[in-house]
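**Q** Residue numbers for the sequence shown, in our numbering: 356 to 686.
Quick one: structure below, then a few questions.
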Amino acid sequence: MTLSTHQQVERPSPEGGARPARKSAGRRPRKPEFTARRGLVIAGYMAPAALFVAAFVYYPMVRGSQMAFRHWNLTDLTDTSWVGLDNFRAVLEDPAWPTILGNTALWVIASLVPQFVIGFAIALWLRRNFRFRGLYQALIFFPWAISGFLIGILFRWMFNSEFGVVNDLLQKAGLIDHPIAWLAEPRMAMLAIIVANVWYGVTFFAIMILAALQSIPDDVYEAAQLDGAGKARTLFQITIPYIRTTLALTVLLRVIWIFNFPDLIFGMTGGGPNNETHILTTWMITITQQGDYGKASALGLVVVALLLVFSVFHLMATREKATREEKGARS
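And the structure:
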């Protein structure tokens with residue numbers, strides 16, 4: 356006679372009585388019902404974090420947004436009248452605006468592309484098994500734990516025109532005849548801060564891409580190798596499509612991060628010489644230090660708007676591309 360898996364069977368206990376057998380493991384435990392009491396408990400646990408975020412994130416954002424439409428200057432706090440769009444007009448009509456906007460675009464693009472390429476190459480290299488792999492990972496990931504401002508100070512000494520190590524190495528290699536004033540000339544100063552940012556940001560891409568690469572099954576690569584696929588074909592037809600979503604999100608996060616990364620610039624040049632290495636966020640901090648909170652808040656809203664527009668277009672473009680590729684694969 357066959358028993359159902361949900362029936363209980365009387366088994367003798369050590370004391371001589373009978374006890375029911377354990378229920379089958381096939382039955383799933385019931386989920387606890389959601390009650391008002393459970394809701395209050397969940398709300399109680401979430402309340403401290405919600406209050407913290409509201410007090411230190413959303414409240415300053417609202418107050419800062421209000422300042423953008425008022426005359427808010429530390430030199431005259433008796434007058435905080437409503438000025439409408441005057442602060443935005445002052446930002447866009449400032450003579451330094453075109454230069455700083457161009458610097459910001461150059462800063463983001465010239466930093467992002469080398470970071471992505473070098474970080475991707477390092478991640479592909481670290482995915483392989485070799486001796487002392489863990490040590491190499493620790494050495495490569497270590498710069499990400501250092502403050503950006505500290506990195507800026509370090510590179511300021513390295514690019515020093517008198518006793519910097521960069522000029523010393525270039526002279527010993529015979530590439531230059533006399534020291535270069537890296538941080539005193541506008542073009543050289545911009546090049547120096549971009550080099551420093553590339554060195555600092557490569558680690559982020561290496562970490563994120565390596566984590567994505569480790570999710571690719573080895574069987575896929577073995578099948579590609581058996582089919583005779585070369586390294587280039589494997590990279591562009593297997594590796595990149597497999598981690599496309601991670602790459603898109605990583606690029607988006609890194610663009611936002613670089614756009615809002617004044618630490619390194621302040622550590623190296625402070626925005627000089629003559630505002631030639633300022634980006635929007637460093638310029639905003641400088642205006643704040645001058646006491647014009649209304650203009651600085653207006654510039655902050657401009658930065659938020661630019662990043663929001665870029666994020667929307669980036670996500671739409673990547674989603675469209677993924678949809679087209681899926682339709683092509685089905686057909």
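Virtual Cβ for every residue (Gly too), placed ideally from N, Cα, C.
(1) Please report the distance separating the alpha-carbon of Q421 from that of W427.
(2) So what's R425 in DSSP terms, helix, strand or just coil?
(3) Does DSSP classify W512 as helix, strand or coil?
(4) When you compare only the Cα positions, how much space is there between A402 and A547?
(5) What residues in its chain sit with their C-beta under 6 Å from that of L654, if we drop five residues either side in the sequence?
(6) Looking only at its own chain, which residues have a Cβ that is under 8 Å from the Cβ of I595, when we skip the five neighbours before and after it?
(7) Please classify I564: is it buried, with 16 or more other beta-carbons within 10 angstroms of its beta-carbon, or exposed?
(8) In terms of alpha-carbon separation, which member of V667, N552 and W537 lies closest to L607?
(9) Measure the C-alpha to C-alpha separation of W452 and I535 and round it to an integer number of angstroms.
(10) Rounding to the nearest angstrom, what Cα-Cα distance links H669 and G585 in this structure?
(11) Taking 6 Å as the limit between beta carbons, can you name the residues of its chain near W499, skipping five residues before and five after?
(12) Less than 8 Å between the CB atoms is what I'm expecting for A478 and L568, so what's the real figure, rounded?
(13) Per DSSP, what are the beta-bridge partners of W499 in this structure?
(14) Can you tell which of R425, A460, T433 and L432 has the C-alpha that lies nearest to the C-alpha of L440?
(15) Can you check which of these residues, G503, N630, A528 and V396, is closest to W612 by C-alpha distance?
(16) Are there three or more Cβ pairs, one per stretch, closer than 8 Å when the region 628 to 639 is compared with the region 449 to 463?
(17) Short of 6 Å in beta carbon distance, which residues of its chain neighbour L656, apart from the five on each side in sequence? Order them along the chain.
(18) Using the rule of at least 16 other Cβ atoms within 10 Å of the residue's Cβ for burial, across every protein chain shown, is K650 buried or exposed?
(19) E517 to F496, Cα distance in whole Å?
(20) Measuring alpha carbon to alpha carbon, tell me which residue in M513, A587 and I571 is nearest A544.
(21) Between which two residues does the alpha helix (DSSP H) carrying P541 extend?
(22) Are A658 and N615 touching if we call contact CB-CB under 9 Å?
(23) Can you tell me the Cα-Cα spacing of T430 and A405, whole angstroms?
(24) Give, in chain order, every unbroken run of the alpha helix (DSSP H) that is at least 4 residues long and sits entirely within the region 596 to 653.
(25) Alpha carbon to alpha carbon, how far is I473 from F560? Give it in angstroms, no decimals.
(26) Could you tell me the alpha carbon to alpha carbon distance between L663 and Y414, rounded to whole angstroms?
(27) Assuming R511 and M623 are in contact, meaning their beta carbons sit under 8 Å apart, how far apart are those beta carbons, in whole angstroms?
(28) Pop quiz: V553 and V463 are said to be a contact at Cβ under 8 Å. What is the actual Cβ separation, rounded to whole angstroms?
(29) Looking at the ligand SAH, does it come within less than 8 Å of L607, judged from the CB to the closest heavy atom?
(30) Identify whether D449 lies in helix, strand or coil by the three-state DSSP scheme.
(31) Check the DSSP bridge columns for D431 and list the partner residues they point to.
**A** Short version:
(1) 10 Å
(2) strand
(3) Helix.
(4) Their Cα atoms are separated by approximately 46 Å.
(5) V446 and M639.
(6) L602
(7) buried
(8) When each option's Cα is compared against that of L607, the closest is V667.
(9) 28 Å
(10) 31 Å
(11) T558
(12) 6 Å
(13) Note: W499 sits in no beta bridge, so no partner.
(14) R425
(15) For W612, the nearest C-alpha among the options comes from G503.
(16) yes
(17) The residues are A423.
(18) buried
(19) Taking the straight line joining both Cα atoms gives about 31 Å.
(20) M513
(21) P541 to L568
(22) Reading off the sequence shown, one finds Val at residue 658, where the question assumed Ala. Going by C-beta atoms, V658 is nearer than 9 Å to N615.
(23) Using only the alpha carbons, I get a separation of about 35 Å.
(24) 599 to 614, 618 to 623 and 635 to 644
(25) In this model, F560 and I473 are separated by some 8 Å (Cα to Cα).
(26) 20 Å
(27) 5 Å
(28) That belief does not hold up - the Cβ atoms of V553 and V463 are roughly 12 Å apart, past 8 Å.
(29) Although the ligand SAH was asked about, the structure shown includes no ligands whatsoever.
(30) coil
(31) N428
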